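Written out below as structure tokens is the structure these notes cover.
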Amino acid sequence: MFAIVRTGGKQYRVAAGDKIAVEKLAGEAGDTITLTDVLLAGNEGVLADAKGVTVSAEIIAQAKSEKVIVFKKRRRHNYRRRNGHRQQMTLLRILSVA
3 MFAIVRTGGK QYRVAAGDKI AVEKLAGEAG DTITLTDVLL AGNEGVLADA KGVTVSAEII
63 AQAKSEKVIV FKKRRRHNYR RRNGHRQQMT LLRILSVA
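So for the sequence shown, our numbering puts the first residue at 3; every next one is plus one.
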């Protein structure tokens, strides 16, 4: 069985046993959380009602994503700025879709 869940403003297709990286969620590694914002559920091409479906997941780790370089330049004014940013993310293992 699979489900489409929304977290952090993004949508993910998940099934039991999947690992996904989402925007930072509260909790420590090893905690179990429930993703309640289920948009769609299905089983082998047949769509099911998503009202009673809940997705439980285990937090694997709290990590940072790849570095994004922000470079600003204005020509002919000797203006150059270089910044880096690493977004916080949470790694999840989907335990069950029920």
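In this text, a Cβ means the ideal position worked out from N, Cα and C, and glycines have one as well. These numbers were taken from a predicted model, which means no experiment stands behind them.
Check: Which partner residues of N80 appear in the DSSP bridge assignment?
Finding: Answer by DSSP bridge pairing: none, since N80 is not bridged.
Item checked: Terminal residues of the beta strand (DSSP E) in which Q64 lies -> V57 to K66
Notebook entry, point to check: Do you know how far the Cα of M3 is from the Cα of E25?
Noted result: 24 angstroms
Margin query: Below 8 angstroms on the Cβ atoms is my contact criterion, and I expect V7 with L37 to pass it. Report the Cβ-Cβ distance as a whole number of Å.
Written below: 5 angstroms
Check: Who are the Cβ neighbours of Q13 in its own chain at under 8 angstroms, not counting the five residues just before and after it?
Finding: I6, V7 and L41
Margin query: My assumption, with CB atoms under 8 angstroms, is that G86 sits in contact with I71. Please give the rounded CB distance.
Written below: 6 angstroms
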